[in-house]
Each structure stands twice: as C-alpha cells, then as structure tokens.
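Numbering-wise (the numbering used here), the sequence shown opens with residue 338 and increments by one.
Ideal placement from N, C-alpha and C gives every residue a C-beta, glycine not left out.
Report on the structure given below.
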Amino acid sequence: MAWFDLPLDQLRRYQPELSPPADLRAFWDDTLSDARSMAAPPVVTQVATPLRMIDTYDVSFTGFAGQEIKGWLNVPSGAAGPLPVVVEFIGYGGGRGRPLEWLLWASAGFAHLVMDTRGQGGSWRGGDTPDAGPDGSGPTTPGYLTRGVLDPAGYYYRRLITDAARAVEIAPELPGVDGSRLAVVGTSQGGGLALAAAALAGDRVGAVVSRVPFLCQIRRAVTITDADPYNELVRFCRIQPERAAAAFATVDYVDAAHLVPWASAPALFSAALMDQTCPPSTVFAAYHAYAGPKEIEVYEWDGHEGGRAHFDQLSIEFVRKQLG
Numbered sequence: 338m339a340w341f342d343l344p345l346d347q348l349r350r351y352q353p354e355l356s357p358p359a360d361l362r363a364f365w366d367d368t369l370s371d372a373r374s375m376a377a378p379p380v381v382t383q384v385a386t387p388l389r390m391i392d393t394y395d396v397s398f399t400g401f402a403g404q405e406i407k408g409w410l411n412v413p414s415g416a417a418g419p420l421p422v423v424v425e426f427i428g429y430g431g432g433r434g435r436p437l438e439w440l441l442w443a444s445a446g447f448a449h450l451v452m453d454t455r456g457q458g459g460s461w462r463g464g465d466t467p468d469a470g471p472d473g474s475g476p477t478t479p480g481y482l483t484r485g486v487l488d489p490a491g492y493y494y495r496r497l498i499t500d501a502a503r504a505v506e507i508a509p510e511l512p513g514v515d516g517s518r519l520a521v522v523g524t525s526q527g528g529g530l531a532l533a534a535a536a537l538a539g540d541r542v543g544a545v546v547s548r549v550p551f552l553c554q555i556r557r558a559v560t561i562t563d564a565d566p567y568n569e570l571v572r573f574c575r576i577q578p579e580r581a582a583a584a585f586a587t588v589d590y591v592d593a594a595h596l597v598p599w600a601s602a603p604a605l606f607s608a609a610l611m612d613q614t615c616p617p618s619t620v621f622a623a624y625h626a627y628a629g630p631k632e633i634e635v636y637e638w639d640g641h642e643g644g645r646a647h648f649d650q651l652s653i654e655f656v657r658k659q660l661g
C-alpha cells in the first residue's frame, strides 16, 4: 500500500484537538476500584515444556469484575535473583497460544508475562480466556470493536483494558519477578493496551513499548482506512446510523489518545507510513498526547508489521536501558 496518510513532516507536528469524556477519570477509577474489590491472589503453576533454557508457569489472575484471566509467565532457567518483568498484550484476534511462541523477552533475560485476551484467540493464535460479558449487550458487527458499544459500562474494551491494568498490578506477585522494574509492551491491539495500562497503572510502570498501536484517535481512524478492525465500526454505523452517536461516545472512553495524558513512564512508539490497519496519524495523535518521556521510530516502507525484527531489537535495548 502506498503512502495514504499525512506526509511525515506533518505527522511530526500533528497534534489534533482531542475531546475526552468529562467523566473519563471517574469512569476508570470506579472500574478499577470494582475490579480490585473482587480480586483474588494469582494462581501460578509450573508447566512442563520442551524448552530447556526457560521455565514456564501457567498464570491465572482476576481481571474485570473478578473474572479469571489466563496468562503465561516465561522466566530464564537458573536466573539469579528477581528479574525485571515485561508484561505483554496481544494483537487483535489472538490469544496466549503456547509458551514456546513467546521466547524473545525471556531469551533477553527478562521475566515475561503474556496476558491472554478474553474472548479472542480464534483468528491466528489460540486463547483460553472466555469473555463473560453482560447479557443483552445489543447489536454487534462480527469482531470485538462493537461488542457492547452502545454503553460504556458494557463495552468489551472496558473489560479488556481493566484486565490489562490488573495484569500490571499482579505481576510483582509472580515467581522470579522484580515488580519495581516493570515494562508493558504490545503490538497493534496490544500496543493500545500497553498505552492504556501505562496510563491506568501509574508509577507501577517503568517503560512502555507500543508498536503501531490500535485504539488511538478512533474517530479519525474510521474515516481514513477501510481496513478492519476499524471498519467494523463503520459497518455498524452504516447499518444503524441512528446509533452512531452512542457508539462513538462509547469508544471515546477507551481511546488511548484520551488516556495517555495520565502516563508518565518513558515510552517507545513505532509508526508505519503504509499501515492501513492503524494509520500513522492516529499513532502520532497518541504519541503527541503522551505525557511521559517518549520516542518514536518511523518505518516509511512498512505496513502493519511496524518495524519487524529491527523494532524488536530497539525495544529490548530501550527496556533494558529504562529498567536496568
């Protein structure tokens, strides 16, 4: 796909006026308070794998409304002392899969918690966590972006973002983990969740890596790309134009560009100029709104891969520098 968004010089200056809901902070404070009131200690069980240099644990913890969320914890075998921990969130449609699919961060010397994605895991990597959403959530376009979209309280991404914030909160309780040195990372949907978790988890987070993040300046994204997942919202509004205003009012509560003014940890972003899935201007909107120290790596010739192994290496170096 050729370049289709703003030119790079304009992207570097792109700071749109954002209009978050007036009660955004109260909405998330109440949501997280409810989740914490139902929290139980994580359950951690070591599992056998063919891997010889990495120890793997099956992790269960309580996320939104005290519901069980699964994860994997990979830790380098024989590591001396607690290790800095990387909490990773997964791209759209994927779940936690198998432990041997997650070798990068543990191989680099970090403890690595991979959070399963509720209700997903049927598109390209398997998952194990159901989405115990509310009954009667209303009409929805196939996918997740419009699930419960007519009411912020019942919206799918309210539940998923809460899970992400809770993953950060429970990570210090896991074996082999130094919770004072914690990073959040992710690509696409995972990148958006990393930004949201950094905003909601406060000073628990010491570094953020957000590769081509989803859920950023959603109102613009749906007007400049025909690609899913954003096009799910377009199709929903096309079929039900009388409900469009309510749908957009809901997604405003989960837009990472609205949340990141609360984040303070050093952050590394990536944007790709040929990315139709998460257009670069929407990434730059979140980048410029981000309140903490930040860097952005721009890939002029990439699509949604957003830097591939080149960005992987930069990410490891960045997190190591921030966490020590």
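When the Cα atoms are used, what is the spatial distance from residue i to residue j?
{"i": "G543", "j": "Q577", "result": "43 Å"}
{"i": "Y494", "j": "D346", "result": "33 Å"}
{"i": "V486", "j": "R541", "result": "30 Å"}
{"i": "A469", "j": "S525", "result": "23 Å"}
{"i": "I653", "j": "V521", "result": "12 Å"}
{"i": "Q613", "j": "D565", "result": "9 Å"}
{"i": "G529", "j": "F551", "result": "5 Å"}
{"i": "G473", "j": "I498", "result": "In this predicted model, G473 has a pLDDT of only 47, less than 50, meaning its place in the structure is not dependable; the value taken from the coordinates is given anyway. Using only the alpha carbons, I get a separation of about 21 Å."}
{"i": "L605", "j": "Q457", "result": "26 Å"}
{"i": "Q567", "j": "I555", "result": "Here residue 567 is Tyr; the residue named in the question, Gln, does not match the sequence. For Y567 and I555, the distance between alpha carbons rounds to 8 Å."}
{"i": "P378", "j": "D500", "result": "14 Å"}
{"i": "V635", "j": "P479", "result": "32 Å"}
{"i": "R484", "j": "S618", "result": "25 Å"}
{"i": "E637", "j": "D649", "result": "17 Å"}
Name the two residues that bound the continuous beta strand (DSSP E) containing residue i.
{"i": "Y394", "result": "391 to 399"}
{"i": "D405", "result": "Sequence check: residue 405 is Glu here, not Asp. That run of the beta strand (DSSP E) goes 405 to 413."}
{"i": "S517", "result": "514 to 524"}
{"i": "Q352", "result": "Note, Q352: premise wrong, no beta strand (DSSP E); not H, not E."}
{"i": "Q383", "result": "380 to 384"}
{"i": "E654", "result": "First-last for E654: 645 to 660, but that is the alpha helix (DSSP H), not the beta strand (DSSP E)."}
{"i": "E634", "result": "631 to 636"}
I'd like the list of long-range same chain contacts for residue i, defined as Cβ closer than 8 Å, with 5 residues on each side in sequence excluded.
{"i": "I391", "result": "N411, V412, P413, S414, P436, L440, A443, S444"}
{"i": "G523", "result": "E425, F426, I427, G428, G529, L530, A531, V546, S547, R548, P550"}
{"i": "Q659", "result": "A520, G543, A544, A602, P603"}
{"i": "E438", "result": "R462"}
Give me, in chain order, the residues of the same chain whose beta-carbon lies closer than 7 Å to that of residue i; leave out the 5 immediate sequence neighbours on both sides.
{"i": "F447", "result": "L420, P421, V422, V423"}
{"i": "V597", "result": "L532, A536, A623, A626, Y627, A628"}
{"i": "L361", "result": "Y590, H595"}
{"i": "G527", "result": "E425, F426, I427, G428"}
Checking 9 Å against the spacing of the C-beta atoms, do residue i and residue j come in under that value?
{"i": "I507", "j": "D342", "result": "no"}
{"i": "V396", "j": "L511", "result": "yes"}
{"i": "F573", "j": "P476", "result": "yes"}
{"i": "V591", "j": "Y492", "result": "yes"}
{"i": "G663", "j": "G432", "result": "No statement about residue 663 is possible, as the shown extent of the chain runs from 338 to 661 and does not include it."}
{"i": "P609", "j": "E642", "result": "For clarity, residue 609 is Ala in the given sequence; the question names Pro instead. Yes; because the gap between Cβ atoms is below 9 Å, this pair is in contact."}
{"i": "F401", "j": "T368", "result": "yes"}
{"i": "G655", "j": "R349", "result": "In the sequence as presented, Gly is not what sits at residue 655; that position holds Phe. In this structure, R349 does not lie closer than 9 Å to F655 by Cβ."}
{"i": "G513", "j": "A416", "result": "yes"}
{"i": "M611", "j": "W365", "result": "no"}
{"i": "G571", "j": "V559", "result": "According to the sequence shown, residue 571 is Val rather than Gly. It is a contact, given that the beta carbons lie within the stated cut-off."}
{"i": "P372", "j": "A582", "result": "Inspection of the sequence shows that residue 372 is occupied by Ala rather than by Pro. Not in contact: A372 and A582 (Cβ atoms no closer than 9 Å)."}
Where do the ends of the alpha helix (DSSP H) carrying residue i lie?
{"i": "D367", "result": "361 to 374"}
{"i": "V542", "result": "Note, V542: premise wrong, no alpha helix (DSSP H); not H, not E."}
{"i": "Y624", "result": "617 to 626"}
Leaving out the 5 sequence neighbours to the left and right, which residues in its chain are closer than 6 Å to residue i when beta-carbon positions are compared?
{"i": "G434", "result": "R462, G463"}
{"i": "A385", "result": "none"}
{"i": "M452", "result": "G408, F426, A504"}
Does residue i have its Cβ less than 9 Å from a Cβ in chain B?
{"i": "G523", "result": "The displayed structure is made up of one protein chain only, and chain B is not part of it."}
Quiz prompt | Any beta strand (DSSP E) of 3 or more consecutive residues that is wholly inside the segment 425 to 492 | solution = Listed in chain order, they are 448 to 452.
Quiz item: In chain order, which continuous runs of the alpha helix (DSSP H) of length 4 or greater are located wholly inside the segment 547 to 604?
Solution: Runs of the alpha helix (DSSP H) inside the segment 547 to 604: 555 to 561, 567 to 576, 581 to 588, 593 to 596.
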